[in-house]
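Start counting at 1 in the sequence shown, then tack on 832, and there's your number in my numbering. Working notes, beginning with the structure itself.
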Amino acid sequence: MVVVLLIVGVIVPKYVMAALMTEKDNWRQAFEKEREADQATREQLAKAEERGDVATEQGRAMNALLLELGHRPDIPISA
833 MVVVLLIVGV IVPKYVMAAL MTEKDNWRQA FEKEREADQA TREQLAKAEE
883 RGDVATEQGR AMNALLLELG HRPDIPISA
């Protein structure tokens, strides 16, 4: 009966189980590192988006200020 269970794979030797547990731990560590890297990337993208929004708002404020001071932007001549 034990031989049949070994052949079928229901029970495995201790060294096989130890190797599987080591591999599982390695995959878990890789997954955690990838999750942390992904989180850092998301945070960087959020900061970049915020900086872009600030730059856009500064440009709008500068444009409004120049218009209030009487500056009219050059209108490009289209062909």
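Ideal placement from N, C-alpha and C gives every residue a C-beta, glycine not left out.
query: Tell me which residue opens and which closes the alpha helix (DSSP H) that ALA891 is part of.; result: For clarity, residue 891 is Gly in the given sequence; the question names Ala instead. Where GLY891 is concerned, the enclosing alpha helix (DSSP H) stretches over 846 to 900.
query: Could you check where the alpha helix (DSSP H) with VAL839 kicks off and where it finishes?; result: Contrary to the premise, residue 839 reads as Ile rather than Val in this sequence. Its alpha helix (DSSP H) spans residues 834 to 840.
query: Check whether the Cβ atoms of ILE843 and LEU852 lie closer than 8 Å to each other.; result: no
query: Whole angstroms are fine: how far does the CA of ARG883 sit from the CA of ARG892?; result: 14 Å
query: Output the distance between the C-alpha atoms of VAL835 and ASP857, rounded to the nearest integer angstrom.; result: 29 Å
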